[in-house]
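Just below is one structure, and these are the notes that go with it.
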Amino acid sequence: PHIARYARQMMKQNHQKHTPDILRNKFQTASERDQPLNRGGAALWRGGLTASQKTASKHCHAMKIIQISDTHNRHHDLRNMADADVIIHCGDFADRGTEREVLDFLNWFIALPYKYKIFVTGNHDLCLWDATGIEDLPENVYFLQDCGCEIEGVRFFGLGYNHSERLIPEDVDVLVTHEPPFKIMDETNGTHWGNELLRKRIFETKARFHFFGHAHEAYGTEKHRGVVFSNGAVLDDQYQFQCKPKVFVL
């Protein structure tokens with residue numbers, strides 16, 4: 020409730036153009052949960068796509084995506100990022116996880132000059148761990164907490180930090196999590212921080228891309244069994260910038 024209230028105030032203060040209560044549908048009932056929320060060229064959904072949605076979701080042109088993760092309150096230091104259609108933040112935009120930190124991030128993220136913006140929670144984003152949505156976000160900003168959105172024919176799904184991997188549906192093009200899969204770019208200081216059950220589920224669903232962060236020293240891109248995995252953590256363990264935001268073309 021506090022995040023929702025402050026988000027409204029923030030938007031008014033910054034004169035952002037937005038649709039009031041765009042996330043009023045929080046999928047609180049079974050009947051609401053499976054209905055897409057149309058936003059012009061995009062739709063928000065939970066669970067798998069219907070046959071008609073699959074047919075309508077064919078991607079017919081190249082989409083450029085920029086990925087960032089683990090900025091830990093240093094998002095304002097990211098300047099001159101590449102042009103893209105979609106920007107994705109894979110969590111840990113905050114450090115202590117306070118509302119003040121989250122709202123500072125939202126203020127920055129909303130103002131970025133990208134057509135679509137997606138973010139998920141990380142282990143440092145405490146005040147959003149149990150959130151089901153954020154009211155009054157602009158219609159091109161997607162908080163994917165165990166839900167998905169379809170943008171110009173590309174199907175994205177975001178999993179909340181430490182939430183069950185069984186929530187990941189079939190028919191996903193781009194999976195966004197904070198956690199890495201086990202032993203895929205998940206090692207920092209000799210420890211593998213990845214999730215073994217998440218790894219198994221990804222290969223079951225056969226997503227085309229999996230974007231994540233969390234392991235600061237494991238930035239990189241690898242392909243395994245037809246899936247492109249990308250760790251987009253831009254800071255090292257001392258919270259110093261070590262890597263640039265990644266750009267992908269789908």
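Add 19 to a position in the sequence shown, counting from 1, and you land on the number used in the numbering used here. From the three backbone atoms N, C-alpha and C, an ideal C-beta is built for every residue, glycine too.
Checklist entry - Roughly how many angstroms separate the alpha carbons of Pro132 and Pro199, rounded to a whole number? => result What you label residue 132 is simply residue 113 of the sequence shown in a count that begins at 1. What you label residue 199 is simply residue 180 of the sequence shown in a count that begins at 1. Straight across, the Cα-Cα distance linking Pro132 with Pro199 is about 28 Å.
Next on the checklist: Measuring only the C-alpha atoms, how far is Leu269 from Glu189?
Outcome noted: For the purposes of this step, residue 269 is taken as residue 250 along the sequence shown, with counting starting at 1. For the purposes of this step, residue 189 is taken as residue 170 along the sequence shown, with counting starting at 1. Their Cα atoms are separated by approximately 19 Å.
Item to check | Cβ neighbour criterion (16 or more within 10 Å) applied to Ala252 | outcome: As a first step, residue 252 is located in the sequence shown; it is residue number 233 there, counting from the start. When all chains shown are included, Ala252 counts as buried.
Next on the checklist: With distance defined between alpha-carbon atoms, name the residue in Leu186, Ala237, Tyr135 nearest to His211.
Outcome noted: Numbered from its first residue, the sequence shown carries residue 211 at position 192. When only C-alpha atoms are compared, the closest one is Ala237.
Checklist entry - Using DSSP with H/G/I as helix, E/B as strand and the rest coil, what is Ile187? => result The residue given as residue 187 occupies position 168 in the sequence shown. Of the three classes helix, strand and coil, the one that applies to Ile187 here is coil, per DSSP.
Next on the checklist: Using the three-state DSSP reduction, which class does Cys262 fall into: helix, strand or coil?
Outcome noted: What you label residue 262 is simply residue 243 of the sequence shown in a count that begins at 1. DSSP places Cys262 in the coil class of the three-state scheme, outside both helix and strand.
Next on the checklist: the ligand NAP and Trp212: does any heavy atom of the ligand fall closer than 7 Å to the residue's C-beta?
Outcome noted: You won't find the ligand NAP in this model; it holds no ligand whatsoever.
Item to check | Neighbourhood of Glu120 by C-beta distance below 7 Å, restricted to the same chain and skipping five residues each side | outcome: The residue labelled residue 120 in the question sits at position 101 within the sequence shown. Cβ neighbours of Glu120 beyond the five flanking positions: Asn92, Ala113, Asp114.
Item to check | Asp96 to Arg220 span [Cα, whole Å] | outcome: Position 77 of the sequence shown, counted from the start, is the residue given in the question as residue 96. Position 201 of the sequence shown, counted from the start, is the residue given in the question as residue 220. Here the alpha carbons of Arg220 and Asp96 stand approximately 35 Å from one another.
Checklist entry - Which residues bound the beta strand (DSSP E) around Lys219? => result Residue mapping note: residue 219 aligns to position 200 of the sequence shown, counting from 1. From DSSP, Lys219 is part of no beta strand (DSSP E) but of the alpha helix (DSSP H) over 215-224.
Checklist entry - How is His182 classed by DSSP in three states: helix, strand or coil? => result Taking the sequence shown and counting its residues from 1, the one referred to as residue 182 is at position 163. Looking at His182 - three-state DSSP - the assignment turns out to be coil, as it is neither helix nor strand.
Item to check | Neighbour-count burial assignment, Gln164, 16 or more Cβ in a 10 Å radius | outcome: Residue 164 sits at position 145 when you count from the first residue of the sequence shown. Result: buried.
Next on the checklist: If I measure Cβ to Cβ from Leu194 and keep anything under 6 Å in the same chain, skipping five residues before and after, which residues do I get?
Outcome noted: For the purposes of this step, residue 194 is taken as the residue at position 175 of the sequence shown. Excluding its 5 nearest sequence neighbours in each direction, Leu194 has C-beta neighbours in its own chain below 6 Å: Phe176, Ala226, His229, listed in chain order.
Checklist entry - Taking all protein chains shown into account, do 16 or more other C-beta atoms lie within 10 angstroms of the C-beta of Phe267, making it buried, or fewer, making it exposed? => result What you label residue 267 is simply residue 248 of the sequence shown in a count that begins at 1. Per the 10 Å Cβ criterion, buried.
Item to check | Cβ shell of Ala103 (< 7 Å), same chain only, five flanking positions each side left out | outcome: Counting from one through the sequence shown, the residue named residue 103 turns up at place 84. Correct list, in chain order: Lys83, Ile84, Ile85, Tyr133, Val266.
Next on the checklist: Out of Asp149, Ala150, Cys168, Glu118, which one is the CA nearest neighbour of Glu158?
Outcome noted: Within the sequence shown, residue 158 is the residue found at index 139, counting from 1. Distance check between Glu158 and each of Asp149, Ala150, Cys168, Glu118 places Cys168 closest, using alpha-carbon atoms only.
Checklist entry - What is the DSSP secondary structure of Arg244, reduced to helix, strand or coil? => result For the purposes of this step, residue 244 is identified with residue 225 of the sequence shown, where counting begins at 1. Collapsing the DSSP output to three states places Arg244 in coil.
Checklist entry - What residue from His233, Leu122, Asn208, Val191 has the CA that sits closest to Cys109's CA? => result The count along the sequence shown starts at 1 and reaches residue 109 at position 90. Distances from the CA of Cys109 to each of His233, Leu122, Asn208, Val191 were compared; the closest alpha carbon is that of His233.
Item to check | Nearest to Tyr161 (by Cα), restricted to the options Asp149, Phe201, Thr140 | outcome: Position 142 of the sequence shown, counting from 1, holds the residue named residue 161. Comparing Cα-Cα distances from Tyr161 to each of Asp149, Phe201, Thr140, the minimum goes to Thr140.
Next on the checklist: Using only CA atoms, which one of Gly209, Leu125, Pro264, Gly245 lies nearest to Glu154?
Outcome noted: Numbered from 1 along the sequence shown, position 135 holds the residue referred to as residue 154. Among Gly209, Leu125, Pro264, Gly245, the Cα nearest to that of Glu154 is on Leu125.
Checklist entry - What residues in its chain sit with their C-beta under 6 Å from that of His182, if we drop five residues either side in the sequence? => result One-based indexing of the sequence shown puts residue 182 at position 163. Excluding residues within five positions, the ones whose Cβ falls inside 6 Å are Asp165.
Checklist entry - Secondary structure at Phe112, three-state DSSP: helix, strand or coil? => result The residue you call residue 112 lines up with position 93 of the sequence shown. Three-state result, Phe112: coil.
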